[in-house]
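Inspection log for the structure reproduced underneath, given as structure tokens.
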Amino acid sequence: MTEPQPAAATGTEPETFSPMRWEGPGLRLLDQTRLPLEEVWMDCEIPEQVADAIRRLAVRGAPAIGVAAAYGLVLGIRTVRDPERLAGRFDEVSELLGSTRPTAVNLRWALERGRQVFLASAADGPEATTAALLAWARELHADDVRINRRMGAHGAALFAAGSRVLTHCNAGALATAGYGTALGVIQSAWEQGRVGQVWVDETRPLLQGARLTAWELKRLGIPFRLVTDNSAGALLSQGLVDGIVVGADRIAANGDTANKIGTYTVAVLAHRHKVPFYVAAPLSTIDRATPNGAAIPIEERKSLEVTEVFGTRVAPEDTQALNFAFDVTPAELITAIITEVGVLRAPYERSIAAAFGDS
Ligand code: MRU
7 MTEPQPAAAT
17 GTEPETFSPM
27 RWEGPGLRLL
37 DQTRLPLEEV
47 WMDCEIPEQV
57 ADAIRRLAVR
67 GAPAIGVAAA
77 YGLVLGIRTV
87 RDPERLAGRF
97 DEVSELLGST
107 RPTAVNLRWA
117 LERGRQVFLA
127 SAADGPEATT
137 AALLAWAREL
147 HADDVRINRR
157 MGAHGAALFA
167 AGSRVLTHCN
177 AGALATAGYG
187 TALGVIQSAW
197 EQGRVGQVWV
207 DETRPLLQGA
217 RLTAWELKRL
227 GIPFRLVTDN
237 SAGALLSQGL
247 VDGIVVGADR
257 IAANGDTANK
267 IGTYTVAVLA
277 HRHKVPFYVA
287 APLSTIDRAT
297 PNGAAIPIEE
307 RKSLEVTEVF
317 GTRVAPEDTQ
327 ALNFAFDVTP
337 AELITAIITE
347 VGVLRAPYER
357 SIAAAFGDS
């Protein structure tokens with residue numbers, strides 16, 4: 007592991023694109039279901055709108071979901087006038103937001119931290135509690151960006167000059183509060199001349215790679231080529247990939263990692279072809295209460311997302327699809343986990359414990 011560093015602000019970071027803002031009537035989210043064809047910002051004034059946005063992937067990606075949920079708590083509490091109703095409403099809203107997506111542990115992580123802030127301020131009444139929660143949510147937002155930049159710096163050093171790097175799904179600014187995890191590493195490496203080209207897996211069924219990663223890379227001016235998910239084997243066997251970096255929705259205590267469906271396939275192929283396979287994720291994605299991958303809950307989404315493409319049926323009527331949103335890559339296939347405190351290597355039980363400061 008490289009030297010642990012605190013995720014403190016330097017105050018000198020340049021502005022970075024964020025898919026959410028606290029402005030206007032509440033939380034403004036870039037509706038990611040409309041990208042890349044339209045850039046539509048939607049206003050959420052009540053927590054039910056945030057929950058709905060998370061469920062239908064208007065805001066998605068584990069860290070982004072966590073920060074959006076933090077603002078969702080503020081929206082839920084700010085309308086409470088009666089101090090007696092404060093705790094009940096907090097529980098209700100926290101449960102609503104927590105029920106939206108089961109795999110991304112950043113959601114639960116953020117709600118638990120929000121509860122601590124709530125408990126510390128509730129005795130001061132609704133107005134003070136709302137102010138405390140909002141200050142905390144803003145800080146969480148800013149902190150996520152700082153963490154991602156630090157992760158980018160640690161991860162960039164892993165790539166040799168001009169590397170051809172493959173990524174799956176979208177783990178960019180859109181999937182976080184800004185800068186991104188896996189895509190942050192790619193951006194940072196590219197700025198240092200370490201990335202020559204990015205292979206973007208299209209990522210069926212909802213095409214986060216084609217719609218979102220390609221959109222981000224184009225904006226950043228980083229050269230990329232889009233490939234179908236089933237191209238990974240051909241690319242790797244022809245020696246066209248030098249390294250792989252993906253994000254994570256939850257990392258178990260032993261390093262097993264849940265990420266977008268199809269990640270495991272890429273990891274197996276990387277192992278077969280001796281290409282490094284990296285996971286980039288903040289410590290908030292590591293769930294030490296989950297011992298291994300088998301204990302990670304895997305979200306199953308609607309059959310319709312597979313049988314239809316943008317509202318057009320592509321399978322015979324009444325076809326039932328199995329739509330796991332995520333799969334688990336066993337720790338043994340992961341070359342390293344890039345975090346904000348350094349690059350973790352196997353055995354992960356030990357390096358993860360050290361990253362959390364266990365002696
Ligand atoms: O279903 P999604 O689009 O929320 O899935 C996103 C991913 O799998 C990302 O790789 C993961 O959340 C990490 S985002 C920094």
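Per our numbering, the sequence shown runs over residues 7 to 365. We put the CB at the ideal spot given by N, CA and C, even for glycine.
| task | Classify G32 as helix, strand or coil using the three-state DSSP reduction. | result | It is a strand residue.
| task | Please classify A300: is it buried, with 16 or more other beta-carbons within 10 angstroms of its beta-carbon, or exposed? | result | Exposed, since its Cβ has fewer than 16 Cβ neighbours within 10 Å.
| request: Verify the contact flag: H174, CB atom, against every heavy atom of the ligand MRU, threshold strictly below 8 Å. | output: H174 Cβ: within cutoff of the ligand MRU.
| Are D235 and G268 close, meaning C-beta to C-beta below 9 Å? | Yes.
| message | I need the boundaries of the alpha helix (DSSP H) containing A74, first residue and last residue. | response | For A74, the enclosing alpha helix (DSSP H) has its first and last residue at A68 to I83.
| message | Would you say F332 lies against chain B (beta-carbon separation less than 9 Å)? | response | As a matter of chain content, chain B is missing from the structure shown, which is built from one protein chain.
| query | Under three-state DSSP, which class holds N176? | reply | If DSSP states are grouped into helix, strand and coil, N176 belongs with coil.
| Are E222 and A259 close, meaning C-beta to C-beta below 9 Å? | The answer is no: Cβ separation not under 9 Å.
| request: Mind reading off the beta-carbon distance from V99 to L79? Whole number of angstroms is fine, and I expect it under 8 Å. | output: Going by Cβ atoms, the distance from V99 to L79 rounds to 6 Å, so yes, they are a contact pair.
| Is T187 near the ligand COA, going by C-beta to nearest heavy atom under 8 Å? | No copy of the ligand COA occurs in the structure displayed; its ligands are the ligand MRU alone.
| Apart from the five residues just before and just after E305, which ones in its own chain have a Cβ nearer than 8 Å to its Cβ? | If the five residues before and after E305 are omitted, its C-beta is found closer than 8 Å to the C-beta atoms of R107, P108, T109, F330, A331 and F332, all from its own chain and listed in chain order.
| request: Would you mind working out which of R87, R225, V334 and S105 sits nearest R62, comparing C-alpha positions? | output: Taking only the C-alpha atoms, the option nearest R62 is S105.
| query | Which same chain residues, not among the five before or five after L140, have their C-beta less than 6 Å away from its C-beta? | reply | The answer, listed in chain order, is V80.
| request: Find the nearest neighbour of L41 within the set F165, Y77, L212 and L146, judged by alpha-carbon distance. | output: Among F165, Y77, L212 and L146, the Cα nearest to that of L41 is on L212.
| query | Do you know how far the Cα of F362 is from the Cα of E9? | reply | Because the pLDDT at E9 is just 34, under 50, the model does not fix this residue reliably, and the value given afterwards should be weighed accordingly. In a straight line, the C-alpha of E9 is about 13 Å away from that of F362.
| said: Just to confirm, is the Cβ distance from I228 to Y284 under 9 Å? | reply: Their beta carbons are not under 9 Å apart, which means I228 does not touch Y284 by this criterion.
| query | T85 to D97, Cα distance in whole Å? | reply | Taken atom to atom, the span from the alpha-carbon of T85 to that of D97 is near 15 Å.
| request: Count the C-beta pairs between the stretch 272 to 281 and the stretch 237 to 247 that are closer than 8 Å, then say yes if the count reaches three, no if not. | output: Yes, the stretch 272 to 281 touches the stretch 237 to 247.
| request: Please classify R87: is it buried, with 16 or more other beta-carbons within 10 angstroms of its beta-carbon, or exposed? | output: So R87 counts as exposed.
| Considering only the beta carbon of each residue, do L172 and V247 sit closer than 9 Å? | Contact flag set, yes.
| said: I need the DSSP call for D149, collapsed to helix, strand or coil. | reply: The answer is helix: DSSP assigns D149 an H, G or I state.
| message | Which residues does DSSP list as the beta-bridge partners of G249? | response | Residue pairing from DSSP places G249 in a beta bridge opposite V171.
| field | Own chain residues within Cβ distance below 8 Å of Q203, not counting five before or after | value | Closer than 8 Å at Cβ, skipping near neighbours: R170, V171, P229, F230 and R231.
| task | Could you tell me the distance, in whole angstroms, from the CA atom of S243 to the CA atom of A276? | result | Their backbone Cα atoms lie some 9 Å apart in a straight line.
| Would you say L253 touches the ligand MRU, meaning its beta carbon is less than 8 Å from a heavy atom? | Per the sequence shown, the amino acid found at residue 253 is Gly instead of Leu. With a cutoff of 8 Å, G253 counts as near the ligand MRU, since its C-beta is closer than that to a heavy atom of the ligand.
| For V285, which three-state DSSP category applies? | Judged by DSSP in its simplified three-state form, V285 adopts strand.
| field | Where Q214 falls, given that 16 or more other Cβ within 10 Å makes a residue buried | value | Here Q214 is buried. Its C-beta has 16 or more other C-beta atoms within 10 Å.
| query | If we count the other Cβ atoms within 10 Å of its Cβ and call it buried at 16 or more, is A295 buried or exposed? | reply | Around the beta carbon of A295, fewer than 16 other beta carbons sit within 10 angstroms, so the residue counts as exposed.
| query | If we ignore side chains and look at the alpha-carbon of each, how far apart do A159 and R119 end up? | reply | The straight-line gap from Cα to Cα measures roughly 27 Å.
| task | Identify the continuous alpha helix (DSSP H) that holds I192 and give its terminal residues. | result | Its alpha helix (DSSP H) spans residues A188 to E197.
| message | My output table needs one value for D37: the three-state DSSP class, helix, strand or coil. | response | In the three-state reduction of the DSSP assignment, D37 falls in the coil class, being assigned neither a helical nor a strand state.
| request: Flag R62 as yes when its Cβ comes closer than 8 Å to any non-hydrogen atom of the ligand MRU, and as no otherwise. | output: Checking the Cβ of R62 against the ligand MRU gives no.
| Rounded separation between N154 and G190 - CA only | In a straight line, the C-alpha of N154 is about 7 Å away from that of G190.
| The alpha helix (DSSP H) spanning T269 covers which residue range? | First-last of the alpha helix (DSSP H) with T269: T269 to R278.
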